[in-house]
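One structure below.
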Amino acid sequence: MTLKADVKLDAKGLVCPMPIIKTKKAMIDVNEGQILEVQATDKGSIADLKAWAESMGHQYIGSTEEDGVLHHYIRKSGDDIGLEKNFKNTIANEEIIDRAVNGGIILDVREEAEYAFGHIAGSLSIPIGELEERLEELDREKEIYVICRTGTRSDLAARKLSEKGFKKVFNVLPGISYWHGDLSKKI
Amino acid sequence: MSNKVAIIASNGGLFDAYKVFNIATAAAATEKEVAIFFTFEGLNLIHKQAMHQLPMPAGREHFAEGFAKANVPSIPQLVEMAQEMGVKFIGCQMTMDVMGLAKEDFIDGIEVGGAVTFLEFAKDAAPTLTF
């Protein structure tokens, strides 16, 4: 399956260090928070791209393999931990599963690829960039627990929902990066 | 953590060249500040003519096929990429004098210096690698 990426790089047929060099160059045209997909056939690129992303402060999301081609997903400068959060109504990671059982919605506003590589079972995926045009998918009567990786995007999304008249909105902190339970995959 | 990688290239074979330039370009792609000090036979790697025909180790000539099959970039290509990404090349003045070579015998954009030039760069580099 193909996951949504903002920029795609074809590094097929190239060997080390070329996939890394091409990735470095391609990343220049990727905006902060966007996703770069690197297609490669070099098996070493799995470990290399992961290490490269970590060293550069980007978020390595994951890799898939299809017909001998590796698809690596990296989110640019994904490290937004510690940014100021403004939305007052927050809820802890540990509480949302029990609360959602009583009819709440866990809304995951990360990008599709991030969701695919690990999400809370039963959560709804609407990337933050699509939130405004997909509001009708949300039930205004239900409690909505907005979650992302570190609580920054979900803070923004929670504020947006609140502006649009949603009354029972919570920002989930600290977010998926500190999730201790199981995560489901969709790849 | 140090943001510098210092490399000493002191051998002039094709395998040596790949070790040097693969590490150098990978480090540069990870936004490290990279300098390579070319000394003795390592000078071959940036010599205008020699860099195009670096020898394989004796008895390993059959690897040529493997290089072609794996679509490995050529040394001149890697050199160009390294320079594009800001890798600093320092030619060893003393060795050049011994070998009767001048700065013009080498690719453009190199610096020429002595051991201290390299040591000054390498003093706070991690890692420092020798090939």
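Residue numbers (our numbering), protein chains in the order written: chain V, 33 to 219; chain G, 1375 to 1505.
Glycine is no exception: its CB is placed at the ideal position from the N, C-alpha and C atoms.
Chain G residues whose Cβ lies nearer than 9 Å to that of residue i
i	result
TRP84 of chain V	ALA1400, ALA1403 and THR1404
Per-residue burial, residue i [other beta carbons within 10 Å of its own, 16 or more giving buried]
i	result
PRO1501 of chain G	exposed
LYS75 of chain V	exposed
ILE219 of chain V	exposed
ARG166 of chain V	exposed
GLY183 of chain V	buried
LEU115 of chain V	exposed
TYR210 of chain V	exposed
VAL101 of chain V	exposed
HIS103 of chain V	buried
HIS151 of chain V	buried
GLU143 of chain V	buried
LYS1406 of chain G	buried
Cβ of residue i within 7 Å of any chain G Cβ
i	result
LYS56 of chain V	yes
GLY45 of chain V	yes
CB contact below 7 Å: residue i versus chain V
i	result
ALA1444 of chain G	yes
Option nearest residue i by Cα separation, candidates the options
i	options	result
LYS199 of chain V	V:LEU163, V:ILE176, V:GLU97 and V:ARG107	V:ILE176
LEU163 of chain V	V:GLU126, V:GLU146, V:ARG191 and V:GLU86	V:ARG191
LEU1452 of chain G	G:ASP1479, G:ILE1420 and G:ALA1432	G:ILE1420
THR1469 of chain G	G:ALA1383, G:VAL1379 and G:ALA1403	G:ALA1383
GLU69 of chain V	V:GLY89, V:LYS44, V:SER87 and V:PRO49	V:LYS44
LYS56 of chain V	V:VAL178, V:GLY89, V:ILE138 and V:GLY136	V:GLY89
ALA1424 of chain G	G:VAL1394, G:PRO1450 and G:ASP1498	G:PRO1450
ALA72 of chain V	V:GLY197, V:ILE123, V:GLU98 and V:LEU156	V:GLU98
ASP214 of chain V	V:GLU169, V:LEU41 and V:GLY154	V:GLY154
Amino acids of chain G, ordered along the chain, whose beta-carbon sits closer than 7 Å to that of residue i
i	result
ILE53 of chain V	THR1399, ALA1403 and MET1455
SER87 of chain V	THR1404
Chain-ordered chain V contacts of residue i [CB-CB under 7 Å]
i	result
PRO1447 of chain G	MET50
ASN1396 of chain G	CYS48 and PRO49
(request) Could I get the ranges of all uninterrupted alpha helix (DSSP H) runs contained in the stretch 115–156 of chain V, with 4 residues as the minimum, in chain order? (result) 125–133 and 144–148
(message) If we require 3 or more residues per run, which beta strand (DSSP E) segments fall completely within the stretch 169–218 of chain V?
(response) 176–179 and 201–205
(message) Quick check for students: name the residue ranges of the alpha helix (DSSP H) that lie wholly in the stretch 1441–1491 of chain G, counting only runs of 4 or more.
(response) 1449–1458 and 1467–1473
(request) Mind listing, in chain order, the continuous alpha helix (DSSP H) runs of no fewer than 4 residues lying wholly within the stretch 47–71 of chain V? (result) 50–58
(request) Kindly provide the ranges of any beta strand (DSSP E) runs that are 3 or more residues long and lie completely inside the stretch 1379–1418 of chain G, ordered along the chain. (result) 1407–1412
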